[in-house]
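Peer 1: Keeping their order, the protein sequence lines are chains A, B and C. According to numbering that gives the first Met the number 0, the residues represented by the first sequence are 0 to 797, in order. According to numbering that gives the first Met the number 0, the residues represented by the second sequence are 0 to 155, in order. According to numbering that gives the first Met the number 0, the residues represented by the third sequence are 0 to 292, in order.
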Amino acid sequence: MTTGTTIGTSVIRREDARLITGNATYVDDIKLLGMAHMAIVRSPHAHANILNVDVTRAANAPGVAAVFTGADIQEQLGSLPAGWVLPDMKMPNHPPIAFERVRYVGDAVAVVVAETPQAAADAVGLVDVDYEDLPAVVNAEEATQEGAPQLHDDAPGNVDFEWEVGGGDYEAASADAEVVVRQRLINQRLIPNPIEERGVVADYNRGTNQITLWTSTQIPHLVRLLFSAVTGHPEHQVRVVAPEVGGGFGCKLYIYAEEVICGVVAKILARPIKWISGRQEGYLATTHGRDHIADVEMCGNRDGTITGIKTTVYANLGAYLSTFAPGIPTVLFGFTLGGPYRMPNVSCKVYGVFTNTTPVDAYRGAGRPECTYVIERLVDMFSQEVGRDPVAVRRKNFIPRFSNGHEVSTGVTYDSGNYGPALDRALEILDYRGFREEQRAARREGRLLGVGLSSYVEICGIAPSAVAASLGAGAGLWESSTVRVHPTGKVAVYTGTSPHGQGHQTSFTQIASSELGVPLEDVEVFHGDTDKQQMGTGTFGSRSVAVGGTALYMSLQKVVEKAKRIAAHQMDVPHRQVTFENGVFYVEDIQERQMSWGDVVGEAYAAKNLPPQMEPGLEAVTFFDPENFTWPFGTHIAVVEVDPDTGETKVLRYIAVDDVGNVINPMIVDGMVHGGVAQGIGQALQEQAVYSENGQLLSGSMMDYAVPTAEDIPSYETDRTVTPTRVNPLGVKGAGETGTIACSPAVVNAAVDALSHLGVKHLDMPLTSEKMWRSVRDAKAALRAVRRERAIAGRASN
Amino acid sequence: MGHEITVTVNGKIYAGSVEPRLLLSQYLRDELNLTGTHVGCDTTSCGACSVLLNGRAVKSCNVLAVMADGSEVTTVEGLASGGEYHPIQRAFRDEHGLQCGFCTPGMMITAVDILSNNPQPTESEIRTGLRGNLCRCTGYHNIVKAVQSAAAELAS
Amino acid sequence: MTTSIASPFEYHSPETVEEASRLLSRYGGGARLLAGGHSLLPLMKLRLASPEALIDLGRIGGLSYIREDDGGLAIGAMTTYAEIVRSELAAAAAPALAEAAGEVADTPVRNAGTIGGSLAHADPAGDLPAVVLALDAELVARSARASRSIPADRFFRDFMTTALRGNEVLTEIRVPGQGASSGSAYAKLANKASHYAVVGVAAAVRVEDGVCTSARIGITGAGPHAVRSRRAERILVGKAPGESSIRAAAQRGGVELAGQFNEDVHASAEYREDMARVFTGRALAAAFERAMG
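1) Do you know whose CA, among Ile59/C, Arg25/C, Ala90/C, lies nearest Gly75/C's CA?
2) Taking only beta-carbon atoms, is Met0/C less than 8 Å away from chain A?
3) Quickly, what does DSSP pair Asp157/C with across the bridge? List them, please.
4) Please confirm whether Tyr270/C has its beta-carbon closer than 8 Å to some beta-carbon of chain A.
5) Return helix, strand or coil for Leu118/C, following the three-state DSSP convention.
6) Hey, quick one: how far does the alpha helix (DSSP H) through Val143/B stretch, first residue to last?
7) When Cβ atoms are compared, which residues of the stretch 134 to 164 of chain C fall closer than 8 Å to chain A?
8) Is the CB of Met66/B under 8 Å away from at least one CB in chain A?
9) Mapping the DSSP letters down to three states, classify His761/A as helix, strand or coil.
10) Hey, how far is the Cα of Ala162/C from the Cα of Ala140/C?
11) Could you work out which residues of chain A lie near Lys187/C, taking near to mean beta carbons separated by less than 9 Å?
12) Mind reading off the beta-carbon distance from Glu686/A to Ala705/A? Whole number of angstroms is fine, and I expect it under 8 Å.
13) Expressed to the nearest angstrom, what Euclidean distance is found between the alpha-carbon atoms of Gly324/C and Ala154/B?
14) For the ligand MG, any of its heavy atoms closer than 7 Å to the Cβ of Leu235/C?
15) Three-state secondary structure (DSSP) at Arg205/A?
16) Taking the straight line between their C-alpha atoms, what separation do you get for Phe155/C and Thr143/A?
17) Return the CA-CA distance between Arg575/A and Asn608/A, expressed in angstroms with no decimal places.
18) I want to see whether chain B comes within less than 8 Å of Phe8/C, judged by CB atoms only; does it?
19) Report the partner residues of Arg102/A according to the DSSP bridge assignment.
20) Helix, strand or coil for Thr230/A per DSSP?
21) If you check the beta carbons only, do Lys266/A and Met34/A fall under 8 Å apart?
22) What are the uninterrupted segments assigned as beta strand (DSSP E) that are 3 or more residues long and contained completely in the stretch 62 to 121 of chain B, given in chain order?
23) Quick check on DSSP: helix, strand or coil for Leu555/A?
24) Looking only at its own chain, which residues have a Cβ that is under 7 Å from the Cβ of Glu18/B, when we skip the five neighbours before and after it?
25) Where Ala174/A and Met274/C are concerned, what is the direct C-alpha to C-alpha distance, given to the nearest angstrom?
26) Quick check: is the beta carbon of Gly277/A nearer than 8 Å to any beta carbon in chain C?
27) Can you list, in chain order, the residues of its chain whose CB lies under 6 Å from that of Val330/A, leaving out five sequence neighbours each side?
28) Measure the Cβ-Cβ separation of Val57/B and Leu22/B and say whether it is below 8 Å.
29) Residues of chain C with a CB under 9 Å from the CB of Thr109/B: which are they?
30) In whole angstroms, what separates the C-alpha of Tyr372/A from that of Val345/A?
31) Does Ile11/A come within less than 8 Å of chain B when only Cβ atoms are used?
32) Buried or exposed for Met0/A, going by 16 or more other Cβ atoms inside 10 Å?
33) Nearest chain A C-beta to Lys191/C closer than 8 Å, yes or no?
34) Ala95/C to Ser181/C, Cα distance in whole Å?
35) Between which two residues does the alpha helix (DSSP H) holding Leu519/A run?
36) With a 10 Å radius around its C-beta and 16 neighbouring C-beta atoms as the bar for buried, classify Val747/A as buried or exposed.
Here it is in structure tokens:
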């Protein structure tokens with residue numbers, strides 16, 4: 000039995016017992032009586048008119064129960080909506096099964112339902128579709144140009160929206176500045192790759208008209224809401240369950256075509272339907288992330304003062320709007336363009352553009368990694384241009400310490416910050432001076448060693464609903480909890496968040512156990528089932544503990560408050576005199592007057608002697624809407640070595656010092672930092688989704704898309720500073736995304752630093768060995784040419 | 000056309016008829032209801048489906064069930080014995096070597112294979128040994144620590 | 000297009016090579032041999048290959064062994080990579096082979112994939128083809144009626160095409176004794192996603208009285224199939240090994256592939272061309288070190 004607070008301690012995870020024994024239930028582990036299997040016929044063309052879909056052969060194939068085309072059931076399927084609406088944004092139709100035109104390779108054109116997965120797979124090849132091929136476009140900038148193929152009639156020029164944010168006057172600042180650095184930055188397209196691909200099991204009960212969806216999602220409640228909105232099936236007769244979910248990283252944060260199709264087909268056929276995505280299928284049909292083409296610049300003075308930043312971004316949205324797509328390259332990108340720096344002048348313009356590619360939406364960090372990448376690449380380029388150490392430039396421009404709000408030029412207010420100590424600690428772990436010496440020595444031997452920094456601020460704890468709504472969010476982004484104390488004193492916590500690896504069962508138990516003074520094992524956390532939990536929002540944007548944990552904390556306070564009133568009544572003292580500590584209610588100075596948690600809970604349900612007018616029972620519900628986002632920060636440092644012959648680039652050391660406010664479970668927070676950093680290293684060095692010009696995904700499988708392996712990643716050195724937030728009573732900021740948000744620029748800055756003495760100023764991700772080999776070769780050739788010219792000039796002048 | 004096979008899985012003998020194209024992963028999951036073995040890709044890349052086949056880790060998504068006829072298979076469900084976790088299970092839990100848990104069964108199986116060949120691997124040997132098992136959550140840091148810790152426990 | 004379920008096929012598990020050969024003949028090109036399946040099954044799951052039948056060599060006894068043979072090695076075609084990696088005999092007699100086997104894919108794949116399967120599949124980026132070229136191995140092919148031995152440098156004909164006839168089963172790989180003061184090595188730039196070779200180079204050299212008397216270089220990953228790099232080999236023979244001769248040889252590593260270097264999403268032809276040079280140099284340096292160490 001554990002007593003006292005466990006907040007801040009590394010409690011071993013409660014979810015692990017089932018996960019390490021094979022007893023967890025993921026979607027594909029669910030089998031229902033009479034269940035049929037669905038496979039999807041997908042377009043092999045990036046852009047084509049559908050002339051005819053002939054399902055005769057497929058429908059007659061052995062084991063096939065039904066085949067549906069988009070035209071057959073378009074009424075029932077409706078159109079998938081965007082849940083984030085920007086001013087003047089276009090809202091093109093998004094049929095779950097295409098019936099007139101396909102707009103990317105992987106667009107669904109028909110579904111086959113069969114008795115076995117094998118029969119379904121066989122019948123897919125028997126659906127005959129006639130296409131009329133149309134020209135395709137995959138590059139967001141090219142898609143906006145005249146003559147480019149047009150995807151949607153209602154989005155001329157393929158532009159879905161133009162969005163701006165800013166502050167100060169960047170043009171005036173750059174005109175006055177002594178130095179302006181400019182660069183085109185490509186933030187390449189990534190594939191999120193949770194190791195569990197998506198899947199859905201749908202069931203329909205004819206007697207109750209209830210549709211149940213088990214789906215691998217981060218947002219069961221929003222899936223229920225959107226499913227109902229899309230199909231017209233009443234929301235209270237839809238149950239959505241997120242069972243064990245094998246990772247999400249943002250790509251399970253939407254209403255997907257397959258969720259709608261499975262639910263509708265289950266209802267039509269009145270039998271359970273299962274669809275499980277293959278990996279290659281997922282590469283086409285599950286959202287991608289990033290994909291920005293950005294023209295960026297930073298201005299300032301020779302003394303290292305930065306005065307402004309400007310970005311113009313072509314953000315690739317893919318072929319249709321995914322649920323949160325419009326919010327990612329805009330709101331989650333633009334507002335933090337000042338980073339941790341005094342940045343009086345900010346100018347940001349974003350074009351959201353349709354292309355013939357898989358839809359793009361959030362991927363871990365979602366907009367904020369792209370933002371940090373712009374800032375931190377520019378800070379390094381600016382430092383190089385003014386001839387100052389990048390550490391000194393960062394330090395010089397940091398916003399000074401603040402603990403109760405600091406409004407930045409884009410109009411948002413950071414909650415609390417103290418940026419210097421995190422930088423100092425990271426430098427100390429590295430031994431920055433020592434490293435610079437080592438680097439000089441290495442260069443003399445022809446080795447290419449570099450160090451790169453990334454100091455960041457992120458916008459997390461999503462989100463204050465009114466603010467989010469004013470920026471386009473289509474749903475409130477509060478979070479909910481119910482604390483239900485059972486008559487035996489055991490505690491059930493119901494949270495509207497929906498974890499997929501984050502360990503909520505442990506962290507939330509720690510919060511409840513600490514507040515109620517009950518042992519950890521007396522608390523159970525329930526999530527991910529819309530029939531069990533009150534309406535909730537979900538898990539994304541580093542929000543679960545900051546918003547959902549706070550909702551829990553507030554419910555616990557309500558429960559304690561009621562319990563204290565019961566105790567006071569029982570002990571016959573005014574309730575203000577009752578103190579509750581470590582599971583005991585007592586009255587100060589009167590030793591004999593005390594009641595245990597169990598006694599008071601028992602009274603709450605026995606209801607034989609409750610205070611007048613008090614309802615029996617002990618349960619509380621909270622919907623918590625934060626007043627502000629939270630703003631974690633920190634500094635990451637990467638050390639890389641580039642092989643001058645092959646270009647292979649290896650991260651030798653990785654140091655992460657983060658400040659996420661207070662921490663509930665350090666082990667879990669460290670683990671999330673580790674995972675985020677690996678994804679950041681993946682983006683920096685090796686991951687990229689590549690399309691051919693005609694829209695074929697060339698990196699279409701795990702044989703071609705390089706998810707980092709254990710071999711590609713170093714051990715990490717992590718530490719924390721602690722600057723609590725006042726946005727929530729727990730003082731927590733959120734820790735799920737710091738790694739990806741901070742990491743990539745640190746690695747790229749390190750690689751550029753490794754080659755800087757050769758004259759290299761910028762490298763686009765991913766830093767594949769070929770790219771680095773080419774950079775080294777070209778830089779050396781350029782240096783030789785300069786030397787040759789100098790020699791010739793020297794001879795000429797003699 | 001069905002083929003009769005007999006396979007011993009986690010010490011229990013199973014006999015049945017399978018279609019040739021049925022993969023060992025599908026046989027374990029769909030026929031035997033041993034769903035602890037997960038499938039994360041279709042290219043033998045991710046390693047989530049790793050099981051021990053006659054004592055050696057293999058990716059069960061790339062073995063036909065008929066090929067396993069007469070073999071002994073150990074899945075994640077068979078790692079613990081006598082109500083006691085296998086040291087690798089304990090190490091993954093204690094070192095926080097898992098988050099979403101989807102890659103974990105395959106990761107532990109490969110780790111068991113690595114340690115059976117090389118009881119005291121270096122960090123670099125562990126990392127190379129695990130390169131056929133992808134994890135997207137942990138960044139591998141704590142997985143490596145877990146394997147080190149299991150190695151130490153097995154040695155003592 | 001997105002299925003991970005193979006098309007239906009018939010399955011046979013013959014108990015002799017002769018029976019396997021007869022089955023091959025019976026299907027007249029419609030059947031494929033299954034030798035571990037780590038190259039073939041992934042293609043079938045993606046329906047990039049849909050053979051009418053699979054003939055599993057896994058039940059044929061006596062195809063899995065590594066033994067000393069006339070000063071060299073005889074390796075059964077169904078020997079797994081892992082068995083080669085663990086073999087002290089292989090490590091001593093043909094370090095390049097053990098090294099390359101250890102570089103193939105990953106731990107679980109090496110437990111199931113076989114040397115014969117890899118060679119017969121002849122993936123242009125497979126590791127083993129370069130090694131059998133460098134070690135001057137002979138590949139034994141048997142049909143129901145005959146047996147013949149194919150020199151490695153006549154085995155790889157084109158993209159995924161070998162000298163094996165439709166009814167032949169690759170049964171054994173014979174690596175000749177490399178002689179005293181010889182050394183071999185394999186060096187590889189791996190594709191980070193698949194761990195296949197972007198470029199892989201195997202080198203086998205012999206040094207007698209301070210002079211290189213024999214050098215063979217096999218290159219994989221770079222072109223449509225694995226090839227010997229004879230122009231580089233010629234530079235070395237008759238000279239005292241050293242940095243300058245290795246550098247000169249490396250400069251010619253892969254010149255045989257001029258105009259044929261692979262170009263794909265992972266690497267350009269230009270990069271592969273240069274990596275053929277770099278890894279020729281690395282493999283040679285390691286091989287000479289072993290020969291002279």
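C-beta: ideal position from N, C-alpha, C; glycine also. The model shown is predicted, which means the values in this text are computed figures rather than measured ones.
Peer 2: Once the coordinates are examined:
1) Counting from one through the third sequence, the residue named residue 75/C turns up at place 76. Out of Ile59/C, Arg25/C, Ala90/C, Ile59/C has the C-alpha closest to the C-alpha of Gly75/C.
2) Numbered from 1 along the third sequence, position 1 holds the residue referred to as residue 0/C. Note that Met0/C scores 42 on pLDDT, short of 50, meaning its location in the model is unreliable and no value can be drawn from it.
3) Within the third sequence, residue 157/C is the residue found at index 158, counting from 1. According to DSSP, Asp157/C bridges with Thr160/C.
4) By 1-based counting over the third sequence, the position of residue 270/C is 271. So, interface residue.
5) Here the question's residue 118/C lines up with position 119 in the third sequence. If DSSP states are grouped into helix, strand and coil, Leu118/C belongs with the helices.
6) Along the second sequence, read from residue 1 onward, the residue named residue 143/B stands at position 144. Here the alpha helix (DSSP H) through Val143/B covers 140 to 154.
7) none
8) The residue labelled residue 66/B in the question sits at position 67 within the second sequence. Chain A, which has no Cβ nearer than 8 Å to the Cβ of Met66/B, makes this no.
9) Indexing the first sequence from 1 puts residue 761/A at position 762. Of the three classes helix, strand and coil, the one that applies to His761/A here is coil, per DSSP.
10) Start at 1 with the first residue of the third sequence, and residue 162/C comes out as number 163. Start at 1 with the first residue of the third sequence, and residue 140/C comes out as number 141. Taking the straight line joining both Cα atoms gives about 10 Å.
11) Residue numbering aside, residue 187/C sits at position 188 when the third sequence is read from its first letter. Within 9 Å Cβ-Cβ: nothing; Lys187/C doesn't reach chain A, min ~11 Å.
12) By 1-based counting over the first sequence, the position of residue 686/A is 687. By 1-based counting over the first sequence, the position of residue 705/A is 706. Sure, about 6 Å apart at Cβ, within 8 Å.
13) Here chain C has residues from 0 to 292 only, and residue 324/C is not among them.
14) Questions concerning the ligand MG fall outside what the structure shown contains, since it holds no ligand whatsoever.
15) One-based indexing of the first sequence puts residue 205/A at position 206. If DSSP states are grouped into helix, strand and coil, Arg205/A belongs with coil.
16) The residue you call residue 155/C lines up with position 156 of the third sequence. The residue you call residue 143/A lines up with position 144 of the first sequence. Roughly 48 Å between the two C-alpha positions.
17) Along the first sequence, one-based indexing puts residue 575/A at 576. Along the first sequence, one-based indexing puts residue 608/A at 609. Per the coordinates, the alpha-carbon of Arg575/A lies some 19 Å from the alpha-carbon of Asn608/A.
18) The residue labelled residue 8/C in the question sits at position 9 within the third sequence. At least one chain B Cβ lies under 8 Å of Phe8/C.
19) By 1-based counting over the first sequence, the position of residue 102/A is 103. In DSSP, Arg102/A forms no bridge with anything.
20) In the first sequence, counting from the first residue as 1, residue 230/A sits at position 231. Three-state DSSP puts Thr230/A in a helix.
21) On the first sequence, position 267 is the one that residue 266/A refers to. On the first sequence, position 35 is the one that residue 34/A refers to. Result no, Cβ atoms of Lys266/A and Met34/A do not sit closer than 8 Å.
22) 71 to 73
23) Against the first sequence, residue 555/A aligns to sequence position 556. If DSSP states are grouped into helix, strand and coil, Leu555/A belongs with the helices.
24) If you number the second sequence from 1, residue 18/B lands on position 19. Counting only Cβ-Cβ distances below 7 Å, and skipping sequence neighbours, we find Gly1.
25) Start at 1 with the first residue of the first sequence, and residue 174/A comes out as number 175. Start at 1 with the first residue of the third sequence, and residue 274/C comes out as number 275. One C-alpha to the other measures close to 47 Å.
26) Taking the first sequence and counting its residues from 1, the one referred to as residue 277/A is at position 278. For Gly277/A, the answer is yes, since a Cβ of chain C falls inside 8 Å of its Cβ.
27) Counting from 1 along the first sequence, the entry for residue 330/A is found at position 331. The residues are Leu470.
28) Position 58 of the second sequence, counted from the first residue, corresponds to residue 57/B. Position 23 of the second sequence, counted from the first residue, corresponds to residue 22/B. For Val57/B and Leu22/B, no; Cβs fall outside 8 Å.
29) The residue you call residue 109/B lines up with position 110 of the second sequence. The contacting residues are Asp105, Thr106, Pro107.
30) By one-based count along the first sequence, residue 372/A stands at place 373. By one-based count along the first sequence, residue 345/A stands at place 346. C-alpha separation (whole angstroms): 16 Å.
31) Position 12 of the first sequence, counted from the first residue, corresponds to residue 11/A. So, interface residue.
32) Here residue 0/A refers to the residue found at position 1 when the first sequence is read from its first residue. Because the pLDDT at Met0/A is just 37, under 50, the model does not fix this residue reliably, and the value given afterwards should be weighed accordingly. Exposed.
33) Stepping through the third sequence from its first residue, residue 191/C is reached at position 192. Judged by the 8 Å Cβ criterion, Lys191/C is in contact with chain A.
34) Here residue 95/C corresponds to residue number 96 of the third sequence, with the count starting at 1. Here residue 181/C corresponds to residue number 182 of the third sequence, with the count starting at 1. Near 11 Å, if we compare the C-alpha coordinates of Ser181/C and Ala95/C.
35) In the first sequence, counting from the first residue as 1, residue 519/A sits at position 520. Taken as a continuous stretch (DSSP letters only), Leu519/A belongs to no alpha helix (DSSP H), as it is neither H nor E.
36) Numbered from 1 along the first sequence, position 748 holds the residue referred to as residue 747/A. Counting Cβ neighbours within 10 Å, Val747/A comes out buried, since at least 16 surround it.
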